[in-house]
Amino acid sequence: MIDIKIVAIGKIKDKNILAIFSEYAKRLGPYAKFEQIELPMFKFSDTKNTERAKKDDSKRVLDHLEKMSGYNSFLLSETGKELSSVEFARKLDSSSPKIAFAIAGAFGWDDEIKKHISQISLSKLTFPHELARLVLIEQIYRGLMILNNKKYHY
Numbered sequence: 086m087i088d089i090k091i092v093a094i095g096k097i098k099d100k101n102i103l104a105i106f107s108e109y110a111k112r113l114g115p116y117a118k119f120e121q122i123e124l125p126m127f128k129f130s131d132t133k134n135t136e137r138a139k140k141d142d143s144k145r146v147l148d149h150l151e152k153m154s155g156y157n158s159f160l161l162s163e164t165g166k167e168l169s170s171v172e173f174a175r176k177l178d179s180s181s182p183k184i185a186f187a188i189a190g191a192f193g194w195d196d197e198i199k200k201h202i203s204q205i206s207l208s209k210l211t212f213p214h215e216l217a218r219l220v221l222i223e224q225i226y227r228g229l230m231i232l233n234n235k236k237y238h239y
């Protein structure tokens, strides 16, 4: 069974997004071991600290991913490789049986972390990190349905 983790900065605060996210997490049960890891976000009082927030959040994610032995890790980034749902399913299938996807905080990734970890993009559009997490888990579910020949992706 594939082992998938989403490592994200911050918590999902929107109750509607959280409810839908939780539903997809439950649906993954028969097909994957799934865990969401929420790391605390950098505390800032204004946007003057955006670069520091990016560096601090990125370092926290990188440190966490480095402790996850055997995981094939991907950053979600607007500059990452765009994949169709079928291509995403193939990536799930061809990667290590342990996969981690990382989602940045509000200010995105520091350039340094992008040098160390492969990047994929959900879209050329930029999403709020809570919505990106929801789109990601739906695509993970869709990918697993494709791989298991289940009727979901048409």
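According to this note's numbering, the sequence shown holds residues 86 to 239 in order.
Glycine is no exception: its CB is placed at the ideal position from the N, C-alpha and C atoms.
Requested in this report: Taking L150 as the reference, give the member of P115, I222, I188, R137 with the closest Cα.
Outcome: Counting from one through the sequence shown, the residue named residue 150 turns up at place 65. Closest option to L150, Cα to Cα, is I188.
Query raised in the report: Run through DSSP, which three-state label would A117 get?
Result: Here residue 117 refers to the residue found at position 32 when the sequence shown is read from its first residue. Strand at A117.
Report task. Report back the beta-carbon spacing between L161 and L221 to the nearest angstrom; my notes put them in contact at under 8 Å. Result -> On the sequence shown, position 76 is the one that residue 161 refers to. On the sequence shown, position 136 is the one that residue 221 refers to. Indeed, because the Cβ distance is near 6 Å, the residues count as touching under 8 Å.
Requested in this report: Keeping to the same chain, check which residues put their C-beta closer than 6 Å to that of E197; ignore five residues upstream and five downstream.
Outcome: In the sequence shown, residue 197 corresponds to position 112, counting from 1. Result list for E197: empty, nothing under 6 Å.
Query raised in the report: Leaving out the 5 sequence neighbours to the left and right, which residues in its chain are closer than 6 Å to K200 when beta-carbon positions are compared?
Result: Position 115 of the sequence shown, counting from 1, holds the residue named residue 200. Closer than 6 Å at the Cβ level, and outside the excluded window around K200, lies no residue.
Query raised in the report: Considering N45, what are the terminal residues of the beta strand (DSSP E) in which it resides?
Result: The requested residue 45 does not occur in the structure, where the chain is confined to residues 86 to 239.
Query raised in the report: How is the beta strand (DSSP E) around A187 delimited, first residue to last?
Result: Working through the sequence shown from its first residue, we reach residue 187 at position 102. Looking at the DSSP string, the run of the beta strand (DSSP E) that includes A187 is 183-188.
Query raised in the report: Are L219 and A174 closer than 9 Å when you measure CB to CB?
Result: Looking up residue 219 in the sequence shown gives position 134. Looking up residue 174 in the sequence shown gives position 89. No, they are not a contact pair.
Report task. Measure how close the beta-carbons of A185 and H214 come, nearest whole angstrom, since I'm counting them as under 8 Å. Result -> Position 100 of the sequence shown, counting from 1, holds the residue named residue 185. Position 129 of the sequence shown, counting from 1, holds the residue named residue 214. Actually they do not touch by this definition, with Cβ atoms about 16 Å apart.
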